[in-house]
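Chains Y and X, in that order, are what the protein sequence lines are.
Here the first sequence is numbered in the working numbering, starting from 441 and rising by one per residue.
Here the second sequence is numbered in the working numbering, starting from 105 and rising by one per residue.
Below is one structure, written out as structure tokens; the observations come after it.
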Amino acid sequence: MSSPCPANGSSTADVGYRRLNKKCVLSMYIGHAISYAVLLAGYLLVGLYAQGFLGPYYDPVRYAFLAVLAIVLVYIAAAPPVYYARYRYRIAEDRIDVRYGVLVIRHILVPIERVHQVEVSRGPANSVLGLADVTITTAGGVAALNYLEIAEAEKVADLLNDLIGRLLRDRRPADSPSSRVS
Amino acid sequence: MSGETVRCHPSVIVEKSLPILAVLAALVVQFEKSGVLPALAVLAIGLLLFNYRQWSRTTIRFNETDVVVERDTLFKLKKTLPYAKIASVNVNRGIANRLFGTSRLQININSGSSAMVPEAVLTFKQDMAEEIRAAIAERLSESEAAQEEDAAAEPLATFSPADVVVHGLFSVSTYQTLFGSVFLVYSLLQLYSSAGLAADGRALASLVFFFIVQLGPSVSLIFRYYNYKVYRRGKTIFLQHGLIRTYKTSFDVSRVNAVRVKSTLAARLLHRSWIEVEVVGLSSGGGESLRPVLCLLKDDATQQRLLRELVPEFVYDRSPERQPAGARRMLLIRAATFSLALALAMAYPSLRVYHEAADLAGTAGAVLPWVLPLATLLGALAIFYATHVSCRITEFDTGKDLFAFVNGAVDRETVVMNYDKVQMVRITRGPVAGLFGVARAEVDLLSSTGGASISSGYFSESRLGAIGETVMERIASGEYDWRKNSV
């Protein structure tokens, strides 16, 4: 289960926030490894076929590509644990609050009132690890809760649907037929 | 609105077939003597028959509470558009419409997901389209005067053809103008240096780029906003403009999510600015710029007067605050980093050009080796100057119902937003910004192009957090009226 934020070491601002399951680190490593393999393939293609095309710029481009590969390697090795450690989310009666980021820290606030659609999705790697993403769509943009456990993702989606449903029921005129159902 | 069933004007068959018929005609010219001509003829006839069937089996019913568009073909369709959900109903006329004496009626509902394409595009005889538009507009605005809007309309300001031309020329972004000018100068130099000889393709290519980058957008703006009129009746704002394609647009002021007062560098030198608004449900589906303009490039006093008269809901006493000292330091570090990156990227090409051009004789040998280093230096200076200007002008302020961001070192923009229209708030803090205790906010709003994300400058995180908190407080306290604002 995704765990509530531990009391120890957490700031008062973290109260009520939940954290991700540690399996998210593995999922991120798998995703990053696939992206890195694509980048590596790009480097090999440049190395093998671009000499004629790039001419005198061949060596500088290759070294620049190598530098990028090294930086990306360091980032993808270090990023998942940091992402896991920083990720916090909270679903209150009136809002969804997400804090995450590795180099750039983001704090997203979505009023429940603005939510139009909630979607639970999972790719092949996440399916194997039992993780899923919840995508929250508003009229003006999209926010996501990533790498939740499947049961937790379903629970979050149900909770959001419930909160939105309650909001809409409260707005229904008192004399409408559906509001008279006991 | 009697519930009578009508069809679109038959010219819609030609209108829909025309683009593909033009492609087929081009193919006919290409394959004049080959055996594909009969196949192309069959395709053309098939297309016309298909569009005829689509037209003959598509009906429109204007009921008391909704519009129903029904198509009884292989791909059946029944679209019900309740008047209560319609955000705008607009009329525009292209060349084909003028030839056939028709108008295109575009109905948009309040949906964010379909904001790019109108829910229904219906072609009718011009007077019938106007009648239907007026009748629907009357229901939308619940205004008794809606039907006589055009006859009784008194525009709030006069926009002469010269104003339209000035708007077309100077509302194009400064960067675009700079790029365009570089292409133009290069092209003129090429033409000058090849005087008396046949000019090579570079002059022509450069001239084409100048047309694409600068002249094209300017001319398109002039055509679009020719004969521009704007006025407000009750809660509805009406726009009318266009030279070749004419536009008649109206929307309820409650559909306005944000107001942008904009000025390019050239516009500021002329003491002029223009007003654009983010409005829900104004798509035309033609891939055009969908942000309605409430005031063309006019002197600042007229622009301010129009702002107060057209959208007083977005005018408030502002007490703007500048970016804190931490932001200035952060921006200077960022400028230094960008300059360093620019210098590193230019080092190798500069050295190569230096060595290759050093052997040249005359002026070329003296000037060319230093062109790239000098350009790099100028680039770095421009980065620092833009940072300095950005520090000076970036503002943020929060009022009771509204808040505003002012941004832009070169092309400036003041965006005033309503808390009740905010869909989502993101506060972002990068590693350097974090060191100086500042962050940026991105506010997501529903716009005429789906969603719009509007960014602030660098301010303290707690200060920016006030936007989201105010949104939540207004919902909790009941100040937020979902009847007016829900989409």
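Virtual Cβ for every residue (Gly too), placed ideally from N, Cα, C.
Small disclaimer: the values here were computed from a predicted structure and weren't measured.
Nearest to residue i (by Cα), restricted to the options the options
{"i": "residue 565 of chain X", "options": "Y/589, Y/545, Y/492 and Y/574", "result": "Y/545"}
{"i": "residue 526 of chain Y", "options": "Y/540, Y/476 and Y/557", "result": "Y/540"}
{"i": "residue 547 of chain X", "options": "X/539, X/499, X/114 and X/568", "result": "X/568"}
{"i": "residue 170 of chain X", "options": "X/189, X/515 and X/475", "result": "X/189"}
{"i": "residue 500 of chain Y", "options": "X/405, X/449, X/212 and X/109", "result": "X/449"}
{"i": "residue 204 of chain X", "options": "X/281, X/116, X/260 and X/149", "result": "X/116"}
{"i": "residue 420 of chain X", "options": "X/206, X/380, X/508 and X/426", "result": "X/508"}
{"i": "residue 191 of chain X", "options": "X/356, X/470, X/428 and X/423", "result": "X/356"}
{"i": "residue 526 of chain X", "options": "X/272, X/134, X/268 and X/360", "result": "X/360"}
{"i": "residue 594 of chain Y", "options": "Y/554, Y/487, Y/485 and Y/558", "result": "Y/558"}
{"i": "residue 210 of chain X", "options": "X/198, X/197, X/193 and X/201", "result": "X/193"}
{"i": "residue 506 of chain Y", "options": "Y/555, Y/553 and Y/483", "result": "Y/483"}
{"i": "residue 82 of chain X", "options": "X/261, X/222, X/197 and X/563", "result": "Outside the shown range of chain X, which is 105 to 591, sits residue 82 of chain X, and nothing can be said about it."}
Rounded separation between residue i and residue j - CA only
{"i": "residue 224 of chain X", "j": "residue 611 of chain Y", "result": "29 angstroms"}
{"i": "residue 342 of chain X", "j": "residue 410 of chain X", "result": "13 angstroms"}
{"i": "residue 159 of chain X", "j": "residue 384 of chain X", "result": "29 angstroms"}
{"i": "residue 605 of chain Y", "j": "residue 582 of chain Y", "result": "19 angstroms"}
{"i": "residue 178 of chain X", "j": "residue 157 of chain X", "result": "10 angstroms"}
{"i": "residue 250 of chain X", "j": "residue 334 of chain X", "result": "Note on residue 250 of chain X: pLDDT 47, under 50, position unreliable in the model; the coordinate value appears next. Going by the C-alpha atoms only, they are around 15 angstroms apart."}
{"i": "residue 561 of chain X", "j": "residue 466 of chain X", "result": "49 angstroms"}
{"i": "residue 519 of chain X", "j": "residue 437 of chain X", "result": "27 angstroms"}
{"i": "residue 366 of chain X", "j": "residue 242 of chain X", "result": "32 angstroms"}
{"i": "residue 466 of chain Y", "j": "residue 570 of chain X", "result": "36 angstroms"}
{"i": "residue 255 of chain X", "j": "residue 353 of chain X", "result": "Unreliable placement is indicated for residue 255 of chain X, whose pLDDT of 49 sits below 50; the coordinate value is still reported in the next sentence. The alpha-carbon atoms of residue 255 of chain X and residue 353 of chain X are separated by roughly 16 angstroms."}
{"i": "residue 154 of chain X", "j": "residue 579 of chain Y", "result": "36 angstroms"}
{"i": "residue 453 of chain X", "j": "residue 481 of chain X", "result": "14 angstroms"}
{"i": "residue 590 of chain Y", "j": "residue 464 of chain Y", "result": "12 angstroms"}
{"i": "residue 442 of chain X", "j": "residue 331 of chain X", "result": "45 angstroms"}
{"i": "residue 136 of chain X", "j": "residue 127 of chain X", "result": "14 angstroms"}
{"i": "residue 276 of chain X", "j": "residue 270 of chain X", "result": "10 angstroms"}
{"i": "residue 496 of chain Y", "j": "residue 486 of chain Y", "result": "14 angstroms"}
{"i": "residue 561 of chain Y", "j": "residue 451 of chain X", "result": "47 angstroms"}
{"i": "residue 317 of chain X", "j": "residue 281 of chain X", "result": "8 angstroms"}
{"i": "residue 376 of chain X", "j": "residue 529 of chain Y", "result": "46 angstroms"}
{"i": "residue 444 of chain X", "j": "residue 500 of chain X", "result": "30 angstroms"}
{"i": "residue 182 of chain X", "j": "residue 175 of chain X", "result": "6 angstroms"}
{"i": "residue 498 of chain Y", "j": "residue 346 of chain X", "result": "52 angstroms"}
{"i": "residue 226 of chain X", "j": "residue 363 of chain X", "result": "30 angstroms"}
{"i": "residue 573 of chain Y", "j": "residue 587 of chain Y", "result": "6 angstroms"}
{"i": "residue 200 of chain X", "j": "residue 114 of chain X", "result": "12 angstroms"}
{"i": "residue 617 of chain Y", "j": "residue 581 of chain X", "result": "The pLDDT assigned to residue 617 of chain Y is 47, lower than 50, so where the model puts this residue is not dependable; a value taken from the coordinates is nonetheless given after this. One C-alpha to the other measures close to 28 angstroms."}
{"i": "residue 400 of chain X", "j": "residue 556 of chain Y", "result": "35 angstroms"}
{"i": "residue 592 of chain X", "j": "residue 120 of chain X", "result": "Outside the displayed span of chain X (105 to 591) sits residue 592 of chain X, for which this structure offers no information."}
{"i": "residue 150 of chain X", "j": "residue 164 of chain X", "result": "25 angstroms"}
Beta bridge counterpart(s) of residue i as assigned by DSSP
{"i": "residue 367 of chain X", "result": "X/516"}
{"i": "residue 501 of chain X", "result": "X/508"}
{"i": "residue 521 of chain X", "result": "X/362 and X/507"}
{"i": "residue 197 of chain X", "result": "X/350"}
{"i": "residue 558 of chain Y", "result": "Y/576"}
{"i": "residue 584 of chain Y", "result": "Y/575"}
{"i": "residue 341 of chain X", "result": "X/336 and X/355"}
{"i": "residue 399 of chain X", "result": "X/379"}
{"i": "residue 186 of chain X", "result": "X/170"}
{"i": "residue 208 of chain X", "result": "X/196 and X/227"}
{"i": "residue 110 of chain X", "result": "X/164"}
{"i": "residue 213 of chain X", "result": "X/190"}
{"i": "residue 589 of chain Y", "result": "Y/571"}
heavy atom of the ligand GTP below 8 angstroms from residue i C-beta
{"i": "residue 586 of chain X", "result": "Because no ligand of any kind appears in the structure shown, any question about the ligand GTP cannot be addressed here."}
Scan the stretch 373 to 387 of chain X for residues whose Cβ lies nearer than 9 angstroms to a Cβ of chain Y and list them as they occur along the chain. The residues in question are 384.
Select from the stretch 573 to 586 of chain X all residues with a C-beta closer than 9 angstroms to any C-beta belonging to chain Y, and list them in chain order. Under the 9 angstroms Cβ criterion, the stretch 573 to 586 of chain X contributes 573, 575, 576, 579, 580, 584 and 586.
Under 9 angstroms, CB to CB, which of the residues in the stretch 550 to 568 of chain Y have a partner in chain X? So the close ones are 550, 551, 552, 553, 554, 556 and 557.
Residues of the stretch 513 to 545 of chain Y with a CB closer than 7 angstroms to any CB of chain X: list them in chain order, please. Under the 7 angstroms Cβ criterion, the stretch 513 to 545 of chain Y contributes 534, 535, 543, 544 and 545.
The stretch 540 to 551 of chain X: which residues have C-beta closer than 7 angstroms to a C-beta of chain Y, in chain order? Interface annotation for the stretch 540 to 551 of chain X against chain Y: 548, 549 and 550, criterion Cβ-Cβ distance under 7 angstroms.
The stretch 578 to 601 of chain Y: which residues have C-beta closer than 7 angstroms to a C-beta of chain X, in chain order? Of all residues in the stretch 578 to 601 of chain Y, 578, 579, 580, 581 and 583 have a Cβ within less than 7 angstroms of some Cβ in chain X.
Chain Y contacts made by the stretch 507 to 531 of chain X, where a contact means CB separation under 9 angstroms: Residues of the stretch 507 to 531 of chain X with a Cβ closer than 9 angstroms to any Cβ of chain Y, in chain order: 525, 526, 527, 528, 529, 530 and 531.
In the stretch 472 to 555 of chain Y, which residue ranges form an unbroken beta strand (DSSP E) of at least 3 residues, counting only runs that do not cross its ends? Listed in chain order, the beta strand (DSSP E) runs fully inside the stretch 472 to 555 of chain Y are 528 to 531, 535 to 540 and 545 to 551, counting runs of at least 3 residues.
Along the chain, which unbroken stretches of the alpha helix (DSSP H) at least 4 residues long are found entirely within the stretch 526 to 562 of chain X? Taken in chain order, the complete alpha helix (DSSP H) segments of 4 residues or longer contained in the stretch 526 to 562 of chain X are 535 to 539.
In the stretch 437 to 469 of chain X, which residues sit with their C-beta less than 8 angstroms from some C-beta in chain Y, listed in chain order? Answer set for the stretch 437 to 469 of chain X: 452 and 456.
For a minimum of 4 consecutive residues, which ranges assigned as the alpha helix (DSSP H) are wholly contained in the stretch 420 to 503 of chain X? Scanning the stretch 420 to 503 of chain X from its first residue to its last, the whole alpha helix (DSSP H) runs of 4-plus residues come out as 429 to 462, 466 to 471 and 475 to 497.
At a Cβ cut of 8 angstroms, what residues of the stretch 414 to 431 of chain X count as close to chain Y, listed as they run along the chain? Those residues of the stretch 414 to 431 of chain X that come within reach of chain Y (Cβ to Cβ, closer than 8 angstroms) do not exist; the list is empty.
Give the list of continuous alpha helix (DSSP H) stretches no shorter than 4 residues that lie fully inside the stretch 135 to 182 of chain X. Entirely contained in the stretch 135 to 182 of chain X, the alpha helix (DSSP H) runs reaching 4 residues are, in chain order, 141 to 160.
Residues from the stretch 190 to 213 of chain X in contact with chain Y, defined by Cβ distance under 8 angstroms: So the list is empty, because no residue satisfies the distance condition.
Residues within the stretch 461 to 481 of chain Y neighbouring chain X, beta-carbon criterion of under 7 angstroms: Against chain X - using a Cβ distance shorter than 7 angstroms - the stretch 461 to 481 of chain Y contributes no residues.
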